[in-house]
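A.B. asks: Got a structure here, written out as structure tokens. Questions coming.
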Amino acid sequence: MTPVIPAPVPVPLPAPAWLLEFLLVFTFILHLLPMNFLLGGVVMVSVSSFLGRNDAKHREFARRAGGALPPVVAFAITLGVAPLLFLQLVYGQFFYTSSVLMAWFWLAVVLLVMLGYYGVYWYNMQQEELGRRAAWVMLTTAVIFLLVAFIFSRNMTAMLRPQDFYNEFLRGGVGVILGPLTSSGLARLLHFVVASLAMAGLGVALLSRLWRRDAPGFAAWAHRYGLRWFQAGTGVEFLVGIWFLLSLPAEVRGQFLGASTLGTLLLVAAVLLAIVALVAARLSLAVSTIAIVGTISLMAVIRHLVRVAYLQRYFDPRSLPVHGQWVVFALFAILLVAGIATVAWMLYVFFRPASAQAG
Amino acid sequence: MNYPVWEAPMLGGGLIIGIIAILHVFVSHFAVGGGLFLPVTERKAYRENNPMLLEYVRSHSKFFVLVVLVFGAVSGVGIWWSIGLVNPEATATLIHVFVWGWAIEWVFFFVEIAAAFIYYYGWDRLDAKTHLLVGWIYFGAAWASLFVINGILTFMLTPGRWLETQSFAAAFFNPGMLPSCLVRTAVSVALAGVYALVTAAAVRDVGLRTEVIQYAAKWLLVGTVVIPLGGLWYISTLPAMAREISMGAAPAVTIFAGLSIFFSALVVLFTYFGPYRNPRYFNLTFAFVIAVMALSTTGVTEWVREAVRKPYIIYDYMYANTLRTDDLNRVRQQGILKSALWVRVHEVDPKAPEKAGEEVFRVQCASCHTLNGYNSIRFAVKGWSRAMIDYQLLHLNELKGFMPPFVGTEEERRALGAWLASLSPLPSNLEIAPSEKAETRPVTSEGAPKP
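Residue numbers (the working numbering), protein chains in the order written: chain A, 380 to 738; chain B, 74 to 524.
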């Protein structure tokens, strides 16, 4: 049966598809970093909240790392807006359809994110009042954010299966159709969650450098502790990644195993960089960080190629009419540079050592 | 037509958007106005060398962060989420026209969030001058984000020359953009006062409390004075039908428009005679009363603004049920059940037309009507005969200015009529009234109208 796919809107694209796809992938990478820190972070802080009942180091870690979470949540959300905007622009007919079919779950994301966000604040602002219950607050928050990851992962998988849309629609229940949980879908979710645990570990190792000033002993411990999560997570990630790759449909998988030179090279490079990150972890945190950010960036490109491979039978964004709005685009580019510079300046004055005394 | 329809029982998609949007508006305008309130008041504290006032600003900033950064930011994303689910076609159209506008707004949003955190965490880390500067950066970014979103929002009601030129500039600088921006800026200032009254009422020191209460009331009063001026300007840019709908043609909308003025007046009166003139008697309960009245004003006003756009979602371009004005003739010829992608019934069964009728309702009416809940269709047609229903469907847009025309074949219209009539069975609905037969052309068994 021919899949039922909505027609793209008759308004031309405001820029060539390649530029929009580039921005989609680029801004997704920007979102991935805080998103990983957040998802892995809430799990790590939950664990330490419970261990901290009998362990001073974990107690201290939960307090400090928990305190870093509110801005991380804010940036995960803020930086998530842009890729979703470009996704809707280029692949709207797939994304909206899968979203409408699971409308209640998709809408629940908003409520869950809000609850999780308040959970993070509650944990931080009332840690003493909460006492032993603080651990449960953070655990609930972690479960909430894992649920968000689950729903996101389901929708991003569902939008790649337009051939199933109409049959699911015919079975009824528009708004509550999550679709079957395939092994590929499960592998994809795990791939993201495990990566988040590893990245949060690396984030802790980086963060521990800020703690050296006032608590050098604790900072050294936190550095080692974070790296353990990073190394264990990255190790597991190799296994989950292989499972994910094997679970993909043959024609998609083939793109990364020889059928496409670009796809294959990207995957090989991503894996090599991950190995570098893993080996360098104890030697040089800077090298390790650069390597793993490289892996994540390449993986984001690979993820995009997987999407293209799934959908190429039905749709090629390059076939859409284009009417470039270049003046507004230039304004956006200028403002983006100015915006990043402004934020960089604010971070600089905030973190420069002198300001601590000046206040 | 192009997307499956998500029917939210009882509420309907429109009301879900409305609930999220009204709460968001109430907080997001505070995000802008409060963003002005913080550095202005902080500067006042420095100038007057008033450490207690500074302490108040600091505690207000904590409240600000919890309300604005979490609820404000996430509910704003929530509006986007809900419009994509309820009206994907219109959302996709807006994104095609305005993606760079949204991208620019996203930059401001990013700067705004970063500045809010640094302002909040920076009380002890930054020197006074830098801290104040970060506050101004926050306000600049927040207002700029309002400026951009406002242009996209007003476009839907007054798309202006975009309809001919399809250009971004015509779409963004549409007739309603500037007056609406003025109104929203004034609302932001007023809401800064509303929220400041809440935190001011909680101040312990009597002297400081009196001072801050009066000061916050001034913000509210100044903002509210500008709103009607901008409002009149805004109304002058509206399409004629939108003005008519709000001034008598649609009673419910007119009542809500009246309520908007009534609640605003109440807010002004309560604020003037309460916190402004008698700050000593002001307390937290009073502050919440004013906040609830302000929220009511926001609610009814935004509701009216949405309602006067009917029957369109993008004026003169796309109807509320996502049919483009350009597509009417094609859909009339093809039939709605053949044009819509997501239907389970593709043809009218003459023996049981109700099934197809319900499907026609789903794709053409369910974007505004629910079966039994908000804007209930069962209630709307209660007591109507088949002939009456068919007459209404034939002249839907002429009889009710705020509804789109029925679009589809005659057979589909009759099927819809049959289903609507089945919702509230009357003795007269059991057979088709003779007058109705005389009025419309006969239909062949194949379903095509005879010439």
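Ideal placement from N, C-alpha and C gives every residue a C-beta, glycine not left out.
1. What residues from chain B crowd round T476 (chain A), counting only those whose CB sits closer than 7 Å?
2. Under 8 Å between beta-carbons, which chain B residues line up against G554 (chain A)? List them in chain order, please.
3. Tell me the DSSP secondary structure of Y604 (chain A) in three-state form.
4. How long is the line joining the alpha carbons of G605 (chain A) and M423 (chain A), rounded to whole angstroms?
5. For W485 (chain A), would you say it is in contact with chain B, using Cβ-to-Cβ distances shorter than 9 Å as the test?
6. Of the choices A:A487, A:R443, A:A566, A:P628, whose alpha-carbon is the least far from that of A584 (chain A)?
7. Using a Cβ-Cβ distance under 9 Å, would E237 (chain B) count as near chain A?
8. Compare the C-beta of V298 (chain B) with all C-beta atoms of chain E and state if any pair is closer than 9 Å.
9. So V492 (chain A) contacts chain B; which residues on that side make the cut at Cβ distance below 7 Å?
10. Between the region 106-115 of chain B and the region 205-220 of chain B, do at least 3 Cβ pairs fall closer than 8 Å?
11. Jot down the residue ranges of each uninterrupted alpha helix (DSSP H) in the region 461-539 of chain A, minimum 4 residues, whole runs only, in chain order.
12. Considering only residues of the region 640-712 of chain A, which uninterrupted alpha helix (DSSP H) runs meet the minimum length of 4 residues and lie entirely inside it, listed in chain order?
13. Taking just the CA atoms, how far does V100 (chain B) sit from L255 (chain B)?
14. Using the three-state DSSP reduction, which class does I462 (chain B) fall into: helix, strand or coil?
15. Given I177 (chain B), which residues of its chain have a CB within under 7 Å of its CB, disregarding the five upstream and five downstream residues?
16. Do A441 (chain A) and V701 (chain A) have their C-beta atoms within less than 9 Å of each other?
17. With 16 as the cutoff for other CB atoms within 10 Å, does Y475 (chain A) come out buried or exposed?
18. Interface residues of chain B around L714 (chain A) at Cβ under 7 Å?
19. Would you verify that the beta carbon of E532 (chain B) is, or is not, closer than 9 Å to some beta carbon of chain A?
20. For a contact meaning CB atoms closer than 7 Å, what does Q704 (chain A) contact in chain B?
21. Contact criterion: CB-CB distance below 9 Å. Does G157 (chain B) meet it with respect to chain A?
22. When the cut-off is 9 Å and only beta carbons count, does P413 (chain A) lie next to chain B?
23. Starting from Y497 (chain A), find everything on chain B with Cβ-Cβ shorter than 7 Å and list it in chain order.
24. Quick check on the burial criterion: 16 or more other C-beta atoms within 10 angstroms. Buried or exposed for G86 (chain B)?
25. By the 10 Å Cβ neighbour count, where 16 or more other Cβ atoms means buried, how is N546 (chain A) classified, buried or exposed?
26. Can you check which of these residues, A:A638, A:L402, A:A435, A:L399, is closest to W600 (chain A) by C-alpha distance?
27. Find the residues of chain A that neighbour H468 (chain B), judging by a C-beta separation of less than 7 Å, and give them in chain order.
28. Going along chain B, which residues have a C-beta under 8 Å from M725 (chain A)?
29. Nearest CA to the CA of P391 (chain A): which residue from B:V130, B:L167, B:T358?
30. Rounded to the nearest angstrom, how far is the Cβ of I675 (chain A) from that of L411 (chain A), given a contact under 8 Å?
31. Using a C-beta to C-beta distance shorter than 8 Å, which residues of chain B count as neighbours of V388 (chain A)?
32. Does S534 (chain B) pass the burial test, meaning 16 or more other C-beta atoms within 10 Å, or should it be called exposed?
33. Could one say the Cβ of L88 (chain B) lies closer than 9 Å to chain A's Cβ atoms, at least one of them?
34. Using only the alpha-carbon positions, how far apart do L398 (chain A) and M481 (chain A) sit?
35. So, are the CB atoms of Y349 (chain B) and L294 (chain B) less than 9 Å apart?
36. What is the DSSP secondary structure of Y192 (chain B), counted as helix, strand or coil?
C.D. replies: Quick answer:
1. Y76, P77
2. W79, E80, A81
3. helix
4. 9 Å
5. yes
6. A:R443
7. Interface with chain A (9 Å Cβ-Cβ cutoff): E237 (chain B) is excluded.
8. Chain labels in this structure do not include chain E; the protein chains are A and B.
9. Those within 7 Å of V492 (chain A) in chain B are V147.
10. yes
11. You should have 482-504, 506-509, 512-537.
12. 640-659, 664-690
13. Cα-Cα distance, rounded: 18 Å.
14. helix
15. V221
16. no
17. buried
18. I177, V180
19. Within the shown structure, residues of chain B are numbered from 74 to 524, placing residue 532 (chain B) beyond reach of any answer.
20. By Cβ distance, chain B contributes W173, F241.
21. yes
22. no
23. Simply V143.
24. buried
25. By the beta-carbon neighbour count (other beta carbons within 10 angstroms, threshold 16), N546 (chain A) is exposed.
26. Answer by Cα proximity: A:A435.
27. Under the 7 Å cutoff, chain A gives no residues; its nearest Cβ is about 29 Å from H468 (chain B).
28. A187, A188, I191, V207, I210
29. B:L167
30. Approximately 6 Å separates the beta-carbon atoms of I675 (chain A) and L411 (chain A); this is inside 8 Å, confirming the contact.
31. E162, A165, T166, H169
32. Here chain B comprises residues numbered 74 to 524, so residue 534 (chain B) is not present and cannot be evaluated.
33. At a cut-off of 9 Å, the C-beta of L88 (chain B) has no neighbouring C-beta in chain A.
34. When the Cα atoms are used, L398 (chain A) and M481 (chain A) turn out to be separated by approximately 30 Å.
35. yes
36. Of the three classes helix, strand and coil, the one that applies to Y192 (chain B) here is helix, per DSSP.
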